[in-house]
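K.L.:
The following block contains the structure, expressed as structure tokens.
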Amino acid sequence: MRDALAQAKQGRDHILDEMAKTLTEARPELSPSAPRLIQLIVDSDFIGAIIGPGGKIIKGIVADTGAQVDIDERDGKGYVTIASNDMDSANAAIEIIKGIVTQPEVGEEYEGTVKNLLSFGAILEILPGKEAMLHVSEMAHGYVDNPEDEVQVGDKVKVQLIEVRNDGKLRVSRKPFLPEPTEEEKAAAREAREKRQSRNGSGGDRRGGGRGGDRRGGRGGDRRR
344 MRDALAQAKQ GRDHILDEMA KTLTEARPEL SPSAPRLIQL IVDSDFIGAI
394 IGPGGKIIKG IVADTGAQVD IDERDGKGYV TIASNDMDSA NAAIEIIKGI
444 VTQPEVGEEY EGTVKNLLSF GAILEILPGK EAMLHVSEMA HGYVDNPEDE
494 VQVGDKVKVQ LIEVRNDGKL RVSRKPFLPE PTEEEKAAAR EAREKRQSRN
544 GSGGDRRGGG RGGDRRGGRG GDRRR
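Quick note on numbering: the sequence shown equals residues 344 to 568 in the numbering used here.
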């Protein structure tokens with residue numbers, strides 16, 4: 344029995360020695376492949392925004408990050424549970440959700456992505472699920488005739504939030520991040536503006552006066568005499 348116990352002790356000591364070679368100190372965090380379970384608590388007003396119409400937003404978060412995201416409401420709060428074996432995936436999902444529940448404030452700076460081009464500006468996504476209007480007048484210091492001359496769909500554009508309207512719509516400007524125009528550029532812009540105003544004011548109403556009138560008079564007359 345004594346010999347058996349001694350052999351068992353030797354075997355145990357050998358195993359411990361081998362373990363010590365691979366784990367020389369206490370690990371400060373979980374293995375990168377260990378499952379993570381993270382919970383965020385948000386205002387219940389944001390539950391719909393996180394889920395999206397037909398689950399579009401929450402499904403997009405799962406597809407983009409690889410993390411599993413679930414949400415339920417209890418006691419007037421939204422409990423968002425994020426599960427992932429990869430911390431980078433979990434953090435990516437957290438950042439998207441934080442972006443959704445963040446309330447943008449005037450003066451804050453964002454790197455927006457151009458989602459759509461309109462005749463009068465561009466629609467940018469400045470936070471996940473939050474879009475803002477970049478009007479042509481805020482694209483450059485000078486006159487912009489065509490938004491496509493300044494930005495394209497998919498471009499990353501640094502902007503500053505300049506207005507939050509009562510209906511919640513956002514307006515941003517690109518001007519704070521552009522160099523100030525030179526005096527020559529300012530003069531050229533003024534000249535171009537004056538020409539546009541002159542062209543807009545020169546066209547009269549072609550529907551009246553001139554040769555077009557009531558052609559029933561003149562030589563026509565009343566031939567019944």
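C-beta atoms are modelled at their ideal positions from N, C-alpha and C, and glycine is treated no differently.
Roughly how many whole angstroms lie between the Cα atoms of Val-423 and Asp-431?
P.N.:
The straight-line gap from Cα to Cα measures roughly 17 Å.
K.L.:
Go to Asp-407, then tell me how far its alpha helix (DSSP H) extends in each direction, as first and last residue.
P.N.:
Per DSSP, Asp-407 belongs to the alpha helix (DSSP H) from 399-408.
K.L.:
Excluding five sequence neighbours on each side, which residues of the same chain lie with their C-beta closer than 6 Å to the C-beta of His-478?
P.N.:
Counting only Cβ-Cβ distances below 6 Å, and skipping sequence neighbours, we find Gly-464.
K.L.:
Return the CA-CA distance between Pro-396 and Ala-483, expressed in angstroms with no decimal places.
P.N.:
For Pro-396 and Ala-483, the distance between alpha carbons rounds to 35 Å.
K.L.:
When we look at the beta-carbon of Arg-417 and count the other beta-carbons within 10 Å, is it buried (16 or more) or exposed?
P.N.:
Exposed, by the Cβ-count rule.
K.L.:
Does the pairing of the region 400-417 with the region 447-456 give three or more beta-carbon distances under 8 Å?
P.N.:
Verdict: no, contact absent.
K.L.:
So, helix, strand or coil for Lys-512, using DSSP?
P.N.:
Coil at Lys-512, not helix or strand.
K.L.:
State yes or no: is the C-beta of Gly-530 within less than 8 Å of the C-beta of Leu-504?
P.N.:
The amino acid at residue 530 is misidentified as Gly; the sequence shows Ala. It is not a contact, given that the beta carbons lie outside the stated cut-off.
K.L.:
Looking at the structure shown, is Asn-459 part of a helix, part of a strand, or coil, going by DSSP?
P.N.:
Of the three classes helix, strand and coil, the one that applies to Asn-459 here is strand, per DSSP.
K.L.:
Quick one: residues in its chain with C-beta nearer than 6 Å to the C-beta of Gly-551, no 5 flanking neighbours on either side, listed in chain order?
P.N.:
Summary for Gly-551: the model assigns pLDDT 42, below 50, so the residue's position carries little reliability, and this model does not support an answer.
K.L.:
Apply the 10 Å Cβ neighbour rule to Pro-572 and answer buried if 16 or more other Cβ atoms are within range, or exposed otherwise.
P.N.:
The structure shown does not extend to residue 572, since the chain spans only 344 to 568, so no value can be given for it.
K.L.:
Pull the bridge partners of Tyr-422 from the DSSP assignment, please.
P.N.:
Answer is Ile-384 and Asp-415.
K.L.:
Identify which residue in Val-500, Ile-439, Ser-516 and Glu-448 has its Cα closest to the Cα of Leu-383.
P.N.:
It is Ile-439 whose Cα lies nearest to the Cα of Leu-383.
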